[in-house]
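Read the structure below first, then the notes.
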Amino acid sequence: MVRARGLIVLTTATLVAFACGGTTGGGGGASKGTIKIGSDLPVCTIGGQAVSNGVQFAVNQKNAAGGVEGYTIQYQSFDDCRQGAYSADAGVDNVRKMLDDNKFLGMVGPYNSAVAKAEIPIAAPKHFVMISPANTNPCLTKDIAGCAYHPQDLRAGNANNYWRVVTTDDYQGPAMATYAYKTLGIKNIGILDDSTVFGVGIAGSFEQQFKSLGGTVAKHSEYKKEQTSDFKSILLGFKNAGALGVYVGGTDDQNICIPRKQMKDIGWDAPFMGGDGIETSDCVDQASGNEPNIYATSAGADATKVDGAKQAIADFRKAFSGPNDFGGYTMQAYDAANALMAAIGRAVKNANGTPSREQVRAEMAKTTGFKGVIGTYDFDKNGDTSLKIVSIYVVTGSLSDAAIKDSTGVCGSKTKNACFVWKTQFDFAKPA
Amino acid sequence: MSTSVFTRLHLRDRIRDRDTAVYSILLILALVFPMASIYATDGTALVSQATRAGTFVLLAIGLNVVVGFAGLLDLGYAAFYAIGAYSYALFASTQLASSPAHHAFHLPFWLMLFVALFVAAAAGAVLGFPTLRLRGDYLAIVTLGFGEIVPQLFYNFDQWTGGINAVGGIDQPTLPAWIQGPWSGDGPFQVVRNFNFGGDPVAFYVLICILIAAAIILVNNLYRSRLGRAWMAIREDEVAAAAMGINTVTTKLLAFGIGASFSGFAGAFYGANVSLVSPDSFLFIVSITVLVMVVLGGMGNISGVIIGALVLYYVVYYLIPGLPENVRSLANSIGLSSETTRSLADATQHLNYIIYGGILVAMMLLRPQGLLPSRVREQELKHAAVQEEEAAVEMEHAT
Amino acid sequence: MSLPDFGFYVLCATAIVLLAAQAVIHPGEFVQVFIFGLTQGSIYALVALGYTMVYGIIELINFAHGDVFTLGAYVGSAILGFFAISEGGFTTVNLIALLLVFPAVMLVMGGINVAIERVAYRPLRNAPRLAPLITAIGMSFFLEGVMFLWHGPATVHFPDILPKAATTVAGVFFGFKDVFVVVVAAILVALLAIFINRTKLGKAMRATAQDRDAAQLMGIDINRTIAATFFIGALLAGAGGMIWGLYYNTVYYQLGFRSGLIAFTAAVFGGIGNIPGAALGGLIIGLIAAFSDSYIGSKWTQVVVFGILIGVLVFRPTGLLGMRVPEK
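Structure below.
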């Protein structure tokens, strides 16, 4: 009977754990009460954690300054990683958890466009505000050719509940295409994407612009992280087809920068370009031995090139001192959290008490001229920001210590003197 | 001799009793769970979770036919799941409008549920026909290969399936008008809640419970039928079964097809429930998870498999992802500093794999035959052992 | 010649003709891709040997084997960190470090695998057949968890300590590393073959694989033999991990799950339980992947590899070199 008893104990433990699992979270004591905001990010990755830090920092600052209209903001970070990588399923579960707790009035996130695509249909009918600091897939907000779905379908006819503080791949890709074609003088290129929603999207927009400028695409290949570790055959294909550079659509967590290292292994010296997914220390590490001349775009202004952000970055660095705590989208997350809290504040005022989600959503939709640290945001009716700046960075090796300290771009964690250095920026809001 | 007959009869009774008990408990839980969880948490998140768990129960019941009954190791079960999901998704969304077909289909869910079932079963038969003569684990590798190929094909044919962009905005099931009469909905005569699948997780929950109940009845009957006995014979000894006049290829093919059809069923349901079907949802890890559910629960025993599926679903999708949060709130409530809390939660997050792996190993070591093993098989094994021992004793006496 | 055999030869002939055509049209590219496939295939071969030996002896698909391989690279990278190695060029320290660390990693992995066998598989020797399969999956997650805990989800850098000499011959680019991978793998496979065929323990392994009960009656210590099999399999996996690291210089914790699957496929391809078969299978899978990446398109590689696998098994149910075992 020992066995049977073991089983009972197990079952009981399970039930108890279930009961506990259902009622997590507690309240903090404040004058008017608490309002929760969440985030749904892949915090198992360095990039996701850096974004979460930005939100945490904004919330801490706000609470230290007395909260929002007397309410204390409680921030809960949900993790959409499953087995070490982001998962749309996990994201959906997280959003459901937030929707089921009426104290949640909005969220920052998600980080990955594929997750956003799965989450918006669930959040939209409940008027739950989502502000992404990092989604760049244009299909989420724009009804354009090449998308597999329409943004209004995603929202199932409900009012828009989704905003983002970064611009879209249809600017990131073209910015790099223009830079490669005009500034670097590359007329023939090989394109590699990582088979994710993000990678396919950004590589497509690059290809379109590059061709319209008159460039030739030697070959467009794709791979999957778990299937391919040896990219040499693919790269050789590019090289033999006459490519003079490589554009990659993808993110470092899909090993997108390993091909950079392997370019050296086949004796091919050519520039390597990509979107914001490669502007990370992991990318520099993956390219180990062949770091210089990796070009990357970032879907926002460089925070250090914006005067207003300097103070915020310095304060952030004081609060979060780890080497990987600050990432390319940390300040964007900071702005997103503040925009959300501002909307909640206005809604509190109007409702003269705890507002409903619908009220917060309506206030968020009215946001104009929101002053963040990166710039002043207006949002269009689809949720896109008026700030349409794309910055271009390039990895430079053997930097001096002083140069490393000044640079905003990330450095390798192994090769510490190889960092992304800001080159130039394209502002798509102003006609060129 | 007479004693053995007696124990046999007795055994049958005991099996019936235990299964009846398990099913009654499950039934009661299934009825109480939505009310209790909605009451306790003031939300339907747990009901949605239970629905997802139900999808896995359906998968596990299907895989049990292949692995547990017929003894064929299938490492690519998710492929059939994908086929089921895509056959509903493509014909119940706007997806095909942007494909070379240029026409969107919106076929009703109730029809597609069965179409998906047949499509998946047909895929199982097509794969099984040339390969079922492979013995043992070679078959496992063929299914593994099939499981790798199918999601990749759905990805590669992006003109039709949208590729990585997935099929979204899949139609929700609707009930015929005569069910949605004036007695339902928000009208003055409301008797039942508006049974609307669009926004109501409870509707999906009820549906999956009905599907599972149907599956259980079906599989139980199959198991007791001639076919079920043939499966068992093949599982125990294929050569002997063939010698007894069982057509092994047809029998195995039926197991394969019937097993696949359940995942087609589950796939169509999944498509409607999640409303998003992407090639990434059907990777090898899904096949493995379902297989673990079956073995963990007790191969060949339907009630055991259901328990296994529920337990493992809870561990994989609820207990482990929720651990950091639980640790955080626990640390908070006992008054640790926020810095410690954060690092504790991070540590738990990093331990996820170790915990999951440890649970699997520990559970298998403690109960190698599964949580609720098939009594018949258990008894057969014991019986065989006893007989061997008796034979040995007799031999000794003889000499 | 039976019909399946005929189909098999037609399949092989078609593939060879197509490849030969490529070789004639673009000889440089063909040889280059061949080298890529050969190096990758050599590593798969080393991992596949572990699968095939374990399967041959206890009929277990050892899902944790691929993770043992990856862990080998992690351990190697960690131990190399203790030496004052230079990544810029090849120094004497590099050579000494390499000569010390390579066997050390192999032994460490061998020890770990024996421990895994002791904990997770031996208690289940008489349990239902699928029970050890599940513990193998559990151990796989466990090992991935150890690596995840150790270095997190990001890729881990493996020191680049081999000579960087490289040359171009008739338009084909190859370096010292390529030669190193193939030569070391070949030496290891040869050593294994000698071990299995010439030593007493090797004989015991073959006997146990053929008929465990009979072997036991002949006085072979089954537990020891099985443990030795796991040990040797992991020696090769550890060597594979080291070679992988030295060659590619990046590893990540989930590498083994997938590579393991491919290596297992290679083992089946060659005829499971058959040692030359596993080595051949590994090479062939590596070559197929490289040729498919370059001639067909990388998104079809997965389909091609597994499609060929299914095709081969349909026509030749026991793999390329597998023997037709009479049915019991």
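Residue numbers (the working numbering), protein chains in the order written: chain A, 1 to 432; chain B, 433 to 831; chain C, 832 to 1159. All residues carry an ideal CB built from backbone N, CA and C; glycine is no exception.
- Between Pro1148/C and Leu566/B a beta carbon distance of about 5 Å is seen, short of the 8 Å cut, so the two are scored as contacting.
- For Gly601/B, the chain A residues whose Cβ falls inside 8 Å of its Cβ are Pro121, Tyr149, Asp153, Leu154 and Ala156, in order along the chain.
- Inter-residue distance for Ala967/C and Leu974/C is about 10 Å (C-alpha atoms, whole angstroms).
- Looking at the DSSP output, Ser298/A sits in a beta bridge with Ser391/A.
- Judged by DSSP secondary structure, Ala218/A falls within the beta strand (DSSP E) whose first and last residues are Thr216 to Glu222.
- Following the DSSP letters along the chain, one finds Gly1006/C inside the beta strand (DSSP E) bounded by residues Val1003 to Gly1006.
- DSSP places Ser39/A inside the beta strand (DSSP E), whose first and last residues are Thr34 to Leu41.
- Judged by their CB atoms, Ala1065/C and Val899/C are nearer to each other than the 8 Å cut-off.
- What Gly907/C touches in chain A, judged by beta-carbon distance under 8 Å, is nothing: the nearest beta carbon there is about 16 Å away.
- Ala477/B has its alpha-carbon roughly 17 Å from the corresponding atom of Lys36/A.
- Listed by position along chain A, the residues whose Cβ is nearer than 8 Å to that of Asn705/B form an empty set, because the closest Cβ is around 11 Å away.
- Scanning its chain for C-beta atoms nearer than 8 Å, with the 5 sequence neighbours on each side dropped, one finds around Gly859/C the residues Ala1001, Gly1002 and Val1003, in chain order.
- The beta carbon of Glu668/B sits no closer than 8 Å to any beta carbon of chain C.
- Any Cβ of chain B closer than 8 Å to the Cβ of Trp1131/C would place that residue at the interface, and such an atom is present.
- In the displayed model, Lys423/A falls within a strand according to three-state DSSP.
- Looking at the backbone, the Cα of Tyr162/A and that of Thr45/A are separated by about 23 Å.
- Val421/A and Val306/A have their C-alpha atoms roughly 15 Å apart.
- Taking C-beta atoms as the reference points, Asp427/A and Gly275/A fail to come closer than 8 Å.
- Take Arg656/B, set aside five residues on each side of it, and no residue of its chain has a beta-carbon closer than 8 Å to its own.
- In terms of Cα proximity to Val348/A, the closest of Ile73/A, Asn158/A and Ser52/A is Ile73/A.
- Judged by beta-carbon spacing, Ser695/B lies within the 8 Å limit of Phe512/B, meaning their Cβ atoms are closer than that value.
- Approximately 5 Å separates the beta-carbon atoms of Leu244/A and Asn188/A; this is inside 8 Å, confirming the contact.
- Spanning the alpha carbons of Ser391/A and Ala175/A requires a straight line of approximately 8 Å.
- Chain-order list of chain C residues neighbouring Asp569/B: Tyr886, Glu890, Ile892, Val1099 and Ile1103, by C-beta distance under 9 Å.
- At least one beta carbon of chain A lies nearer than 8 Å to the beta carbon of Asn597/B.
- Annotation: Leu742/B to Ala485/B spans about 6 Å, alpha carbon to alpha carbon.
- Across the structure, Pro355/A and Thr167/A are spaced so that their CA atoms are roughly 29 Å apart.
- Within the segment 1076-1095 of chain C, those residues whose Cβ lies closer than 8 Å to any Cβ of chain A are, in chain order, Tyr1079, Asn1080, Thr1081, Tyr1083, Tyr1084, Gln1085, Leu1086, Phe1088, Arg1089 and Ser1090.
- Under DSSP, Thr575/B shares a beta bridge with no residue.
- Shortest Cα-Cα distance from Tyr75/A to any of Ala301/A, Met364/A, Asn112/A and Asn60/A involves Asn60/A.
- Taking a Cβ-Cβ threshold of 7 Å, the residues of chain B close to Ala118/A are Leu708, in chain order.
- In the three-state reduction of the DSSP assignment, Tyr75/A falls in the strand class.
- In the structure shown, Asn925/C falls within a helical segment according to DSSP collapsed to helix, strand and coil.
- Each of Val718/B, Gln801/B, Ser761/B and Thr575/B was checked against the Cα of Phe488/B, and the nearest Cα belongs to Val718/B.
- Chain-order list of chain A residues neighbouring Gln781/B: Val43, Cys44, Asp79 and Cys81, by C-beta distance under 9 Å.
- Residue state for Met937/C is assigned as helix, using DSSP reduced to three classes.
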